[in-house]
Amino acid sequence: MKTPIVIATLAVALLLQSTIAGMSFTAGSRVNLVLVAVIYVALAYGAVTGMLGGCAAGLVQDAIAGGIVGIGGLSKTIVGFFVGALGAHFIVSTPVPRFLMFFAASLVHELCFQALYALVEAHGIRVQLSGALIQALVNGAVGITAFMLVERAPEMMQRDSWRRSSTVRRRY
Amino acid sequence: MPIAERQSPSAMLDIRRRTGVLLLVIVVGQLFLISAQVPSKSGVPVFQAVTFGAFARVQGGASGFLRGIGNIWGNYVWLRGVRAENEELRKQVTDLSVRLQEQSALAQRATRLQELLTLQTSTPVPTLAAEVIAGNPNPGMLTITIGRGSADGVQPDMAVVAAGGVVGRIIGPTAAHAARVQLLIDRNAAAGAYTERTHSGGMVVGVDHDPPLAMDLVSNMADVKSGDLVIASGVDGIYPKGFAIGRVESSERGSGLYRAIAVRPSVDFSSLEEVLVVLVPPRSAVPEDSVPAPAATVGTGK
Numbered sequence: 002m003k004t005p006i007v008i009a010t011l012a013v014a015l016l017l018q019s020t021i022a023g024m025s026f027t028a029g030s031r032v033n034l035v036l037v038a039v040i041y042v043a044l045a046y047g048a049v050t051g052m053l054g055g056c057a058a059g060l061v062q063d064a065i066a067g068g069i070v071g072i073g074g075l076s077k078t079i080v081g082f083f084v085g086a087l088g089a090h091f092i093v094s095t096p097v098p099r100f101l102m103f104f105a106a107s108l109v110h111e112l113c114f115q116a117l118y119a120l121v122e123a124h125g126i127r128v129q130l131s132g133a134l135i136q137a138l139v140n141g142a143v144g145i146t147a148f149m150l151v152e153r154a155p156e157m158m159q160r161d162s163w164r165r166s167s168t169v170r171r172r173y
Numbered sequence: 424m425p426i427a428e429r430q431s432p433s434a435m436l437d438i439r440r441r442t443g444v445l446l447l448v449i450v451v452g453q454l455f456l457i458s459a460q461v462p463s464k465s466g467v468p469v470f471q472a473v474t475f476g477a478f479a480r481v482q483g484g485a486s487g488f489l490r491g492i493g494n495i496w497g498n499y500v501w502l503r504g505v506r507a508e509n510e511e512l513r514k515q516v517t518d519l520s521v522r523l524q525e526q527s528a529l530a531q532r533a534t535r536l537q538e539l540l541t542l543q544t545s546t547p548v549p550t551l552a553a554e555v556i557a558g559n560p561n562p563g564m565l566t567i568t569i570g571r572g573s574a575d576g577v578q579p580d581m582a583v584v585a586a587g588g589v590v591g592r593i594i595g596p597t598a599a600h601a602a603r604v605q606l607l608i609d610r611n612a613a614a615g616a617y618t619e620r621t622h623s624g625g626m627v628v629g630v631d632h633d634p635p636l637a638m639d640l641v642s643n644m645a646d647v648k649s650g651d652l653v654i655a656s657g658v659d660g661i662y663p664k665g666f667a668i669g670r671v672e673s674s675e676r677g678s679g680l681y682r683a684i685a686v687r688p689s690v691d692f693s694s695l696e697e698v699l700v701v702l703v704p705p706r707s708a709v710p711e712d713s714v715p716a717p718a719a720t721v722g723t724g725k
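In the order they appear, the protein sequences are chains A and B.
Quick note on the working numbering: the first sequence kicks off at 2 and runs consecutively.
Quick note on the working numbering: the second sequence kicks off at 424 and runs consecutively.
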């Protein structure tokens with residue numbers, strides 16, 4: 002069951018990211034939903050899943066976006082692996098650590114991405130710090146929101162169904 | 424949503440190992456992928472270039488290590504018989520050095536003899552080659568001894584020349600197979616001479632300083648410059664006319680009637696080994712009315 006969920010998560014993230022980027026270039030550059038999905042999968046399922054998910058999602062994202070296929074894949078592979086490994090060692094079940102993880106992982110991803118491009122194209126690293134920080138903040142916000150939604154949705158659905166059933170019992 | 428499952432320590436270790444390998448495989452695979460798309464400056468894919476560079480360093484290191492091992496083995500371990508061989512080679516080197524010096528000396532001697540032969544054949548007067556067999560035992564007199572004497576027709580006051588020019592004259596008495604030669608640079612020697620350029624006549628004498636020759640009795644009015652060739656005039660009745668004596672090194676106006684002229688000899692007196700004795704008996708001094716005043720006194724030295 003894990004694999005379909007992971008694939009679905011990444012696929013939805015890819016779809017949403019391309020949709021948002023299609024609607025607004027600025028909005029598309031302010032958030033990286035595929036990266037958020039990779040970090041989420043890594044935190045939820047561990048280093049191996051994060052690594053494989055990051056590799057697959059990054060490669061697909063590279064292929065769709067154009068450019069050199071593999072740079073995004075490699076960056077997300079590294080991020081997925083280390084986020085998964087750190088998530089297994091530290092308690093990241095509350096919003097603040099999760100936010101910090103999303104934030105830090107986004108910055109690391111940006112650094113890896115730009116460093117690899119710099120290596121390949123033989124120029125210096127060109128990281129736009131303000132843009133990277135904004136994207137990291139937005140990614141963190143989206144990430145903890147996603148966690149909250151996923152974790153509380155069953156509870157809320159259960160409460161709703163319980164409320165509905167109790168109302169029916171009272172009526173009869 | 425499930426969080427990473429708790430596992431036994433050994434299982435976790437196994438997973439970590441496998442995860443590391445998997446990460447490595449994925450990373451390397453993606454590097455290959457990137458490399459395939461990006462050519463380097465030389466046109467070779469980046470990964471190939473990087474791998475080749477890294478592997479070349481490893482190869483260089485391995486090669487250096489093996490070479491070092493080989494050197495240690497060859498230079499320090501495998502030294503059987505090297506000491507004896509070294510001594511033998513040292514002996515050979517010494518022997519060959521001696522031979523080389525002998526050959527070099529022979530070659531120099533051959534060159535000198537060749538020059539002397541050339542002089543002998545080009546000189547119109549009869550000459551006799553002689554070997555210098557001894558130097559001067561008395562520091563006060565600059566003389567040499569040659570291996571020719573009265574038995575060879577050598578007589579006192581005969582001129583002695585070398586390839587460079589005038590050497591000196593035989594001073595008596597002569598032995599049957601040896602004779603003493605007074606060098607021209609001796610302070611008691613003198614020879615009639617003139618400059619080739621202006622034919623300014625005078626007398627060349629030996630002096631005690633450097634250069635060891637001076638040309639006296641040349642008028643202050645005469646035109647003598649540095650570099651002028653000084654040659655024997657023959658008026659002294661000993662030295663044949665035309666043989667080089669030296670070159671003027673400095674020529675200054677003197678305080679009296681005559682110029683102060685320093686002459687650098689054309690013969691290297693420090694390395695005389697073979698000379699030619701001019702087999703012409705000394706003639707009496709030229710009548711005074713036909714020669715310049717200075718040369719008339721020159722015949723047998725100062």
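Note that CB positions come from ideal geometry on N, CA and C, so glycine has one too.
Given the structure is predicted, the values throughout are model-derived calculations rather than measurements.
Closest by C-alpha distance to residue i, when choosing among the options
{"i": "A58 of chain A", "options": "A:L108, A:G71, A:L44", "result": "A:G71"}
{"i": "I126 of chain A", "options": "A:V39, A:M149, A:F114, A:A43", "result": "A:F114"}
{"i": "D691 of chain B", "options": "B:E510, B:A645, B:P634, B:D518", "result": "B:P634"}
{"i": "P688 of chain B", "options": "B:L446, B:M638, B:P705", "result": "B:M638"}
{"i": "L445 of chain B", "options": "A:G54, A:M2, A:L34, A:G73", "result": "A:G54"}
{"i": "D631 of chain B", "options": "B:F666, B:A616, B:V686", "result": "B:V686"}
{"i": "K664 of chain B", "options": "B:G615, B:T568, B:L536", "result": "B:G615"}
{"i": "P596 of chain B", "options": "B:E619, B:T618, B:G572", "result": "B:G572"}
{"i": "G88 of chain A", "options": "A:E156, A:I40, A:P155", "result": "A:I40"}
{"i": "G576 of chain B", "options": "B:E697, B:A601, B:G443", "result": "B:A601"}
{"i": "K3 of chain A", "options": "A:Y46, A:G68, A:N33", "result": "A:Y46"}
C-alpha distance - residue i paired with residue j, whole-angstrom precision
{"i": "S520 of chain B", "j": "A528 of chain B", "result": "12 Å"}
{"i": "G81 of chain A", "j": "L36 of chain A", "result": "9 Å"}
{"i": "G624 of chain B", "j": "G660 of chain B", "result": "15 Å"}
{"i": "E538 of chain B", "j": "G650 of chain B", "result": "23 Å"}
{"i": "Q129 of chain A", "j": "I6 of chain A", "result": "34 Å"}
{"i": "I654 of chain B", "j": "S678 of chain B", "result": "25 Å"}
{"i": "A716 of chain B", "j": "M626 of chain B", "result": "Confidence at A716 of chain B is low in this model, with a pLDDT of 41, below 50, so its placement is unreliable and the value that follows should be read with caution. The alpha-carbon atoms of A716 of chain B and M626 of chain B are separated by roughly 10 Å."}
{"i": "E111 of chain A", "j": "Q159 of chain A", "result": "40 Å"}
{"i": "G588 of chain B", "j": "E525 of chain B", "result": "27 Å"}
{"i": "V61 of chain A", "j": "L120 of chain A", "result": "21 Å"}
{"i": "G487 of chain B", "j": "G493 of chain B", "result": "10 Å"}
{"i": "L607 of chain B", "j": "A507 of chain B", "result": "56 Å"}
{"i": "L636 of chain B", "j": "A530 of chain B", "result": "31 Å"}
{"i": "T534 of chain B", "j": "G484 of chain B", "result": "57 Å"}
{"i": "V647 of chain B", "j": "P549 of chain B", "result": "32 Å"}
{"i": "A9 of chain A", "j": "A137 of chain A", "result": "23 Å"}
{"i": "R441 of chain B", "j": "Q460 of chain B", "result": "29 Å"}
{"i": "L15 of chain A", "j": "I21 of chain A", "result": "10 Å"}
{"i": "G29 of chain A", "j": "A66 of chain A", "result": "12 Å"}
{"i": "N643 of chain B", "j": "A612 of chain B", "result": "23 Å"}
{"i": "T546 of chain B", "j": "A574 of chain B", "result": "23 Å"}
{"i": "T720 of chain B", "j": "L702 of chain B", "result": "Confidence is the limiting factor: at T720 of chain B the pLDDT is only 35, short of 50, which leaves the residue's position unreliable, though a coordinate-based value still follows. Taking the straight line from one Cα to the other gives about 22 Å."}
{"i": "R503 of chain B", "j": "R522 of chain B", "result": "30 Å"}
{"i": "V641 of chain B", "j": "D580 of chain B", "result": "25 Å"}
{"i": "V49 of chain A", "j": "R480 of chain B", "result": "33 Å"}
{"i": "G51 of chain A", "j": "H124 of chain A", "result": "30 Å"}
{"i": "Y499 of chain B", "j": "G476 of chain B", "result": "33 Å"}
{"i": "L699 of chain B", "j": "T566 of chain B", "result": "15 Å"}
{"i": "G85 of chain A", "j": "W501 of chain B", "result": "58 Å"}
{"i": "V143 of chain A", "j": "L108 of chain A", "result": "15 Å"}
{"i": "N140 of chain A", "j": "F104 of chain A", "result": "7 Å"}
{"i": "L75 of chain A", "j": "D161 of chain A", "result": "43 Å"}
{"i": "R99 of chain A", "j": "I145 of chain A", "result": "6 Å"}
{"i": "Y118 of chain A", "j": "F455 of chain B", "result": "15 Å"}
{"i": "G629 of chain B", "j": "Q605 of chain B", "result": "11 Å"}
{"i": "V42 of chain A", "j": "A147 of chain A", "result": "11 Å"}
{"i": "A427 of chain B", "j": "H90 of chain A", "result": "Caution applies to A427 of chain B, whose pLDDT of 46 falls short of 50 and renders its modelled position unreliable; the model cannot decide the point."}
{"i": "Q482 of chain B", "j": "L447 of chain B", "result": "23 Å"}
Counterpart residues of residue i in DSSP-defined beta bridges
{"i": "Q605 of chain B", "result": "B:T566, B:R592"}
{"i": "I684 of chain B", "result": "B:M638, B:S674"}
{"i": "V97 of chain A", "result": "Paired residues: none, contrary to the question."}
{"i": "G615 of chain B", "result": "B:M626"}
{"i": "G669 of chain B", "result": "B:V653, B:P688"}
{"i": "E554 of chain B", "result": "B:E697"}
{"i": "V584 of chain B", "result": "B:V589, B:L699"}
Any C-beta of chain C under 9 Å from that of residue i
{"i": "V461 of chain B", "result": "Here chain C cannot be found, since the structure's protein chains are A and B."}
Check whether the segment 550 to 558 of chain B and the segment 669 to 677 of chain B are in contact - that is, three or more C-beta pairs closer than 8 Å. no
Could I get the ranges of all uninterrupted alpha helix (DSSP H) runs contained in the segment 9 to 37 of chain A, with 4 residues as the minimum, in chain order? 26 to 31
Identify every run of the alpha helix (DSSP H) within the segment 498 to 548 of chain B, keeping only runs that are complete inside it and at least 4 residues long; order them along the chain. 505 to 545
Length-filtered (4 minimum) alpha helix (DSSP H) runs lying within the segment 44 to 70 of chain A: 48 to 66
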